[in-house]
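Undergrad: Sending over a structure as structure tokens; questions will come in a sec.
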């Protein structure tokens, strides 16, 4: 279901067609988010990307220039319904914390478990701690969205998605 932090709720395929530039049948495992379309269109049209955005053009990936492809350090999601929950994707890993700030963190290796059926958090406490720091730093307090357990010192992170 959409609005779920699991892959069935946030993973969306992208299909691109560009005869003469993108070879038919090409596949990519590039990880990005909807906001990256903005930077990609800016690059395609020769426009400067406005400052302060975390959008990264994936045009190099489309054109198979992997050496030139910038990548997000991590991707971050949060939903406020049902007590709040958030997730972070970094490399092949995704961590989910429910409820937000106070819940246990589940960790999945998406390269080996795309269905997120095997929580590997207990075997990787250093990755769980890293994920917790990323989630805490990426969250932005907002007076319109109160979350149980929210602290006043939560900071704005870079490369975050809301």
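Numbering (our numbering), first residue to last: -19 to 142.
Note that beta-carbon positions come from the ideal geometry of N, C-alpha and C, so glycine has one too.
Quick caveat: nothing in here was measured; it's all calculated off a predicted structure.
#1: Counting beta carbon pairs with one atom in the stretch 62 to 76 and one in the stretch 86 to 98, are three or more of them shorter than 8 Å?
#2: Do residue 68 and residue 81 come within 8 Å of each other at the CB atom, strictly closer than that value?
#3: Taking the beta strand (DSSP E) that residue 78 belongs to, which residues open and close that run?
#4: Within the chosen definition, does the stretch -5 to 15 reach the stretch 37 to 53 through at least 3 CB pairs nearer than 8 Å?
#5: Measure the CB-CB distance between residue 77 and residue 115 and report whether it falls below 8 Å.
#6: In whole angstroms, what is the alpha-carbon distance linking residue 22 and residue 94?
#7: How many Å lie between residue 19 and residue 108 at the Cα?
#8: Where does residue 94 fall in DSSP's three states?
#9: Output yes or no for whether 8 Å exceeds the beta carbon distance between residue -14 and residue 58.
#10: Would you identify the three-state DSSP class for residue 36, choosing helix, strand or coil?
#11: Give every residue of the same chain whose Cβ lies closer than 8 Å to the Cβ of residue 99, excluding the five residues on either side of it in the sequence, and list them in chain order.
#12: Please report the straight-line C-alpha distance between residue 32 and residue -2, rounded to a whole angstrom.
#13: Have a look at residue 144 and residue -16 and give me their C-alpha separation to the nearest angstrom.
#14: Quick check on residue 36: buried or exposed, where buried means 16 or more other Cβ atoms within 10 Å of its Cβ?
#15: Assign residue 26 to one of two classes, buried (16 or more other C-beta atoms within 10 Å of its C-beta) or exposed (fewer than that).
#16: Leaving out the 5 sequence neighbours to the left and right, which residues in its chain are closer than 8 Å to residue 112 when beta-carbon positions are compared?
#17: Under the three-state reduction of DSSP, which class applies to residue 69: helix, strand or coil?
TA: This is what the structure holds:
#1: yes
#2: no
#3: 73 to 78
#4: yes
#5: yes
#6: 32 Å
#7: 31 Å
#8: coil
#9: no
#10: coil
#11: 86, 87, 88
#12: 30 Å
#13: What the structure shows of the chain is the stretch from -19 to 142, and residue 144 is not part of that stretch, so it cannot be assessed.
#14: buried
#15: exposed
#16: 75, 77, 85
#17: strand
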